[in-house]
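Here's the structure, in structure tokens; my notes come after.
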């Protein structure tokens, strides 16, 4: 069914021109070919195939989570990932943090004129692989082209729908004094991996991004009945932002132990060279979970059972009654200082 | 509840700095303030307030539509709208074209360093007003900052969820020979309005964008039992792209009558000056509906009853059995020629 609208219906990738042009965003034949030969080929699934303006989906009744995130990372490919897998993980993780099971993603591609088609091809393939691993489908999409700046830019917005199948009320209102504060692994690898790729810094061995989907481990925590009070992924602003946001919203004080916070020697060294605070560096596969004190050990064992959190899950602190600041950091020698919300951007364009 | 995390909790808009900086995308205090003092202030609603990573929503069981679109328009403000209202209308209309009732939107803002805050403030306010008029809520959002190019860029991705409450199967498979082809108004005003604003062309009177929400008129067509076979909004690639896509997918031939296609004198004149084909120019409040022949008159009366389609709704042609081309245009003197899918982009960055 359907006409060959251009006299050429050859779906061979090498029939694509080598770089993105303004024509690819124009709604005409060039865009149709790009969608058919690249996006549809890699992301192929029934809902996407059937969708022109919108995907039609069937959902069971109940609570859903809905989230959106745009991913602006330079370079678009880095050790341990690329903007395609990152865009899947980021939105899957936002849904997981709301206690939802991620189901469907949209993908809005904003392509810079001059972007090599082979880069786009790799990124979209990586996106599909990440979606498969995370158990979600990309069901609807859009493509726009913006004028050339460096000729290598590729921004992806993903929005996601997840189903909420439990009855827990997660959120700052549920946090109480005495709760334990956990992280699922060592911090800062994503930000340092991207920065190193951008600045052509060589670490030996290379720092590899922690970008990964968190939905499966969160689902296991929930189904094991861990009393999770709140979760936050440590993305922009890193651990410091995640701690400050939950503590600030809860109106309580979080105390964390500097020695207990896992940071690899490599990331620590890179941060010293670059003048960065590792607690401010973005991750894309790390999250903070505030859980009932009595459930902390059991939660750590569940974290250890998943590859994404097997290496260095840790209990890093506890919730105190409201003090004078949202987050305090206890140092190795027992001195307590404020761990502030980062003021702005330490590492631009890494997530 | 909550700390004042920066010692300054003054929500007065003039406390905002005058332009967007990279700090506003960093996940720290500058971003928190932007979210609180601008996005949350204008878009305020319960779901958005409660959402950090994702909005939690309750949906009735059944079919939903899910759609995404990124809006890249230069200038961001133009006669009859701006990128904020456009981003609401575009996704609301994509959902409406799928026969869905739009409910929830996400908003992903990609801000160019240097963007004046007052422009962002106007655009977000306009977005809220458009959402209110269209009966949707912006329930979750994200903000990123990209490096300066012209210092005036603002891209908005909106994704949307709508509920499908009818049992019609819309789509190219439902189209049959004999069906009538309708449009809801005169074509090309949006593209010409944006182009005129960009190139500082003055038309007297000015050409005003047709950007508008189509969900209410589509809902009326559906509830009146009009046998709609398929709908497509005439956005990128204009009427020609919409006709070619439906006809191509259906594997039938659409014949349209050039004299019946409504185009204002102004748009016709502007297209002549600019060397454009008005059937290729994007609209954001115009759609093509293929309906059962017997329902065409009743459908036109419903179109006339809505402001968005009151002026020049028209039956422009009919569906023929499969011929040699997807779309043929019958001219004033009775000559038939091919109306091709546009090849690329006639008017960049207008939607």
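Residue numbers (the working numbering), protein chains in the order written: chain A, 17 to 367; chain B, 17 to 367.
Ideal Cβ placement from N, Cα and C applies to all residues, glycine included.
Between the C-alpha atoms of residue 192 (chain B) and residue 69 (chain A) there is a straight-line separation of about 21 Å. The DSSP-derived three-state label of residue 39 (chain B) is helix.
As for any alpha helix (DSSP H) of minimum length 4 sitting wholly inside the region 249-326 of chain A, the runs are 254-266, 281-290 and 312-320, ordered along the chain. Ranked by how close their Cα comes to the Cα of residue 365 (chain A), the residues B:187, B:164, B:350 and B:364 have B:164 in first place.
Those residues of the region 65-85 of chain B placed with their C-beta closer than 9 Å to a C-beta in chain A are 66, 67, 68, 69, 70, 71, 72, 73, 74, 75, 76, 77, 78, 79, 80, 81, 82, 83, 84 and 85, ordered along the chain.
By the rule that beta-carbons nearer than 8 Å mark a contact, residue 45 (chain B) touches chain A.
Distance check between residue 232 (chain B) and each of B:126, B:95, B:59 and B:325 places B:325 closest, using alpha-carbon atoms only. Within a 10 Å sphere around the beta-carbon of residue 340 (chain A) sit fewer than 16 other beta-carbons, which makes this residue exposed. In the structure shown, the three-state DSSP call for residue 142 (chain B) is helix. Neighbours of residue 137 (chain B) in chain A, taken as residues whose beta carbon is under 8 Å from its own, are absent, since the nearest beta carbon is some 20 Å off.
In terms of Cβ geometry, residue 129 (chain A) and residue 38 (chain A) form a close pair [threshold 8 Å]. Under the three-state reduction of DSSP, residue 238 (chain A) is assigned to helix. Residues of the region 164-177 of chain B whose Cβ lies closer than 7 Å to any Cβ of chain A, in chain order: 165, 171, 173, 175 and 177. When CB distances to chain B are screened at a threshold of 8 Å, the residues of the region 231-253 of chain A falling below it are 248, 249, 251, 252 and 253, in chain order.
Beta-bridge pairing by DSSP links residue 198 (chain A) to A:305 and A:331.
Per DSSP, residue 225 (chain A) is not a residue of any beta strand (DSSP E), being assigned neither H nor E. Between the region 250-268 of chain B and the region 291-309 of chain B there are three or more C-beta pairs closer than 8 Å, enough to call the two in contact. In this structure, DSSP gives residue 87 (chain B) an extended state, which the three-state scheme calls strand. In the three-state DSSP reduction, residue 54 (chain B) falls in the helix class (H, G or I). Under the three-state reduction of DSSP, residue 78 (chain B) is assigned to strand.
One thing to note: residue 330 (chain B) has its Cβ within 8 Å of the Cβ of residue 198 (chain B).
Judged by DSSP secondary structure, residue 340 (chain B) falls outside any alpha helix (DSSP H); it is assigned neither H nor E. Identification of chain B residues near residue 122 (chain A) by a Cβ-Cβ cut-off of 8 Å yields 82, 83, 84 and 175, ordered along the chain.
Contacts between residue 111 (chain A) and chain B, judged by CB atoms closer than 9 Å, involve 69 and 70 in chain order. Going by C-alpha positions, residue 289 (chain A) is about 23 Å away from residue 302 (chain A). Shown here, residue 364 (chain A) sits in coil according to DSSP, grouped into three states, outside any helix or strand. Boundaries of the beta strand (DSSP E) around residue 176 (chain A): 170-180.
Linking residue 47 (chain B) to residue 56 (chain B) through their CA atoms gives a straight-line distance of about 12 Å.
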